[in-house]
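S.K.:
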């Protein structure tokens, strides 16, 4: 079925209350949405919600791995991919989430075209309630979002408020549990990323390698993006991430800077952006003629 609306993929939906809230706000988009989770919560409320969504023509799938989107939906393009509060149920100090988020962005890259977007919502406590360092703990240490997005060729466009005022009825629950995740009450922000044209990404990557790791660049001639990324070890990735991210963020819609902080003895980057408080987003629901 063809639709004038951009194809949207929702990952890790849990209780599917975000899908419900989204089509309540944008009812015409229902048949352009695929909503998924790795495992469907086994409770009456979630099952009733799924049945209602299917009647609205939303496609619902389980067993969808966020790091294997391109394999779960081969040869399918998603103009917008959403993931709210990613989690795998582990303690954040185990650092299992950063590689998951990195693999997620790499998979998104294979399922999207240039200018398509990834919208990922993360916990970000209000600055007035926490130390400035802890404000960015989640995007910096828990998820390492700057590195994940930059190495996949995505630039941040803007950061937006995310709340029940924006999507009434949305309730984030704990991973594999129906209980509400109270930690999200500290504050949520949606980070909007745009996929960069591969030629532009390669130019930015090559420029960064030339500046930060000239010996690696000289060892691989002519420049080969895949070979370069494969040869970058953990230390090399840490070296190039700040410069690469700064290069990619220069065309952001909002003022965004790359900030470096120390978390548990590890240097990590975060996005320091002005926030778009306008909740009436999704202004680009439809395809343009030149899609």
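Numbering (the numbering used here), first residue to last: 39 to 329. C-beta: ideal position from N, C-alpha, C; glycine also.
1) By DSSP's criteria, residue 157 is part of a beta bridge. Which residues make up the other side?
2) Grab me the residues of residue 141's own chain with a C-beta within less than 7 Å of its C-beta, minus the 5 sequence neighbours each way, in chain order.
3) Quick check: the Cα distance between residue 52 and residue 179, rounded to an integer number of angstroms?
4) Alpha carbon to alpha carbon, how far is residue 96 from residue 118?
5) Can you tell me whether residue 273 is buried or exposed? The criterion is at least 16 other CB atoms within 10 Å of its CB, across all chains shown.
6) For a test of the three-state rule: what should DSSP assign to residue 55, helix, strand or coil?
7) Cβ atoms of residue 246 and residue 278: under 8 Å apart, would you say?
8) So for residue 149, helix, strand or coil by DSSP?
9) Just mark residue 85 as buried or exposed, buried being the case when its beta carbon has 16 or more other beta carbons within 10 Å.
10) Could you pull the DSSP bridge partners for residue 245 from this structure?
11) So, helix, strand or coil for residue 135, using DSSP?
12) To the nearest angstrom, how far is the alpha carbon of residue 98 from that of residue 72?
13) Relative to the alpha-carbon of residue 66, which residue among 88, 49, 42, 281 has its alpha-carbon at the smallest distance?
14) Where DSSP assigns a beta bridge to residue 87, which residues make up the other side?
15) Drop a sphere of 10 angstroms on the beta-carbon of residue 328, count the other beta-carbons inside from all chains shown, and report buried for 16 or more, exposed for fewer.
16) Using beta-carbon positions only, say whether residue 177 and residue 275 come within less than 8 Å of one another.
M.R.: With the structure as the only source:
1) On the chain shown, residue 157 is found 119 positions in, with the first residue counted as 1. Paired residue(s): 120, 230.
2) Walking along the chain shown from the start, residue 141 turns up at place 103. If we look at residue 141 and ignore the five residues flanking it on each side, its Cβ neighbours are 105.
3) Numbered from 1 along the chain shown, position 14 holds the residue referred to as residue 52. Numbered from 1 along the chain shown, position 141 holds the residue referred to as residue 179. The straight-line gap from Cα to Cα measures roughly 24 Å.
4) Within the chain shown, the letter at position 58 stands for residue 96. Within the chain shown, the letter at position 80 stands for residue 118. Roughly 15 Å separates the two Cα atoms.
5) Position 235 of the chain shown holds residue 273. Exposed.
6) The residue given as residue 55 occupies position 17 in the chain shown. Helix, per DSSP.
7) Against the chain shown, residue 278 aligns to sequence position 240. Against the chain shown, residue 246 aligns to sequence position 208. Going by C-beta atoms, residue 278 is nearer than 8 Å to residue 246.
8) Here residue 149 corresponds to residue number 111 of the chain shown, with the count starting at 1. Residue state, collapsed to three classes: helix.
9) Your numbering for residue 85 matches position 47 in the chain shown. When all chains shown are included, residue 85 counts as exposed.
10) Taking the first residue of the chain shown as 1, we reach residue 245 at position 207. DSSP, once it has assigned bridges, lists no residue as partnering residue 245.
11) As a working note, residue 135 is residue 97 in the chain shown. Three-state DSSP puts residue 135 in a helix.
12) Counting from 1 along the chain shown, the entry for residue 98 is found at position 60. Counting from 1 along the chain shown, the entry for residue 72 is found at position 34. Rounded to the nearest angstrom, the two C-alpha atoms are 6 Å apart.
13) Your numbering for residue 66 matches position 28 in the chain shown. Closest option to residue 66, Cα to Cα, is 42.
14) Here the question's residue 87 lines up with position 49 in the chain shown. Residue 87 pairs with nothing; no bridge assigned.
15) Indexing the chain shown from 1 puts residue 328 at position 290. For residue 328, the predicted structure reports a pLDDT of 47, less than 50, and the residue's modelled location is therefore unreliable. A value from the coordinates is still provided. That one is exposed.
16) The count along the chain shown starts at 1 and reaches residue 177 at position 139. The count along the chain shown starts at 1 and reaches residue 275 at position 237. Contact: no.
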